[in-house]
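*Asks:* Going by the numbering used here, the sequence shown opens with residue 206, and the numbers climb by one from there. Cβ atoms here follow ideal geometry from the backbone N, Cα and C, with glycine treated the same way.
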Amino acid sequence: MLIFDLDGTLIDSLADIAAAVNFARSQFSLPAIHENTVRSYIGDGLSNLIKRSFAEAPEVDLELAAQLQVQYYGEHLLVHTKLFPGVAEALPQLAAKHRLALVTNKPQAASEKICRELEISQYLSVISGDVPGRKLKPHPGAILSALAQYDEKPEQSWMIGDHYTDLAAATAAGCQACFCKYGFGQIRGEKVDLQIDHFSELLQL
């Protein structure tokens, strides 16, 4: 099984995420922050995204800020978001050879809608996002659950992502780890079995 992250791996969603963050900030009379700053906040789930985005404003109700961000983002999911180069062409070929799954720290509803609208849902046997009670990466639970649904062996499977949480989750689950250098995140010393500059390089697997 090939298991993908979403943001920074399959989709370039930075502009829309940043716009939603800055909308929430504007509701508290805070100035916009640069996309590159938001880029560094992505990958650890919504709660951490909001905490980091409002770190200089301890008076802000983070629960309300999260609600504002989620509402705005839900209405503007696909203004600028697109598949990374090579994804649309390579996914059908990969799906012909492997079972494919998605394990993301992005909220479940947004993940499903984006995959549906960008026409990649049909290639994914599992779409696993952030829902109440589900532990986020780097916890391996969602990866192990996806593997178990189809009796796939971890040691024969890959976790493919652009963030240290993806790599750490891969190791914890016993999977091989692929780092997407074109994405948003970084490596923090995690074990990596493959690094790619372009999505099409996965066709070698």
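Using C-beta distances below 6 Å, list every residue in its chain close to Q232, excluding the 5 sequence neighbours before and after it, in chain order.
*Replies:* Start at 1 with the first residue of the sequence shown, and residue 232 comes out as number 27. The answer, listed in chain order, is L273.
*Asks:* Rounded to whole angstroms, what's the CA-CA distance from A262 to V226? Just pull it up for me.
*Replies:* Residue 262 sits at position 57 when you count from the first residue of the sequence shown. Residue 226 sits at position 21 when you count from the first residue of the sequence shown. Spanning the two alpha carbons is a distance of roughly 14 Å.
*Asks:* Cβ atoms of V397 and F384: under 8 Å apart, would you say?
*Replies:* Start at 1 with the first residue of the sequence shown, and residue 384 comes out as number 179. Start at 1 with the first residue of the sequence shown, and residue 397 comes out as number 192. Cβ distance < 8 Å, so F384 and V397 count as in contact.
*Asks:* Please classify C385: does DSSP put it in a helix, a strand, or coil?
*Replies:* Your numbering for residue 385 matches position 180 in the sequence shown. Three-state result, C385: strand.
*Asks:* With H, G and I counted as helix, E and B as strand and the rest as coil, what does DSSP make of F209?
*Replies:* Here residue 209 refers to the residue found at position 4 when the sequence shown is read from its first residue. In the structure shown, F209 sits in a strand (DSSP, three-state: E or B).
*Asks:* Counting pairs of beta carbons, one from the region 356-376 and one from the region 217-226, are three or more of them closer than 8 Å?
*Replies:* Contact between the region 356-376 and the region 217-226 is absent, because fewer than three Cβ pairs lie under 8 Å.
*Asks:* Quick check on this structure: which residue in A306, L323, K256, Q276 has the alpha carbon closest to the alpha carbon of K287?
*Replies:* Here residue 287 corresponds to residue number 82 of the sequence shown, with the count starting at 1. The candidate whose alpha carbon is nearest that of K287 is L323.
*Asks:* For D249 and L341, what's the separation of their Cα atoms in angstroms?
*Replies:* In the sequence shown, residue 249 corresponds to position 44, counting from 1. In the sequence shown, residue 341 corresponds to position 136, counting from 1. Distance between the alpha carbons of D249 and L341: 8 Å.
*Asks:* Taking the CB atoms as reference points, tell me whether Q313 and D335 lie closer together than 8 Å.
*Replies:* Taking the sequence shown and counting its residues from 1, the one referred to as residue 313 is at position 108. Taking the sequence shown and counting its residues from 1, the one referred to as residue 335 is at position 130. In contact: Q313 and D335 (Cβ atoms closer than 8 Å).
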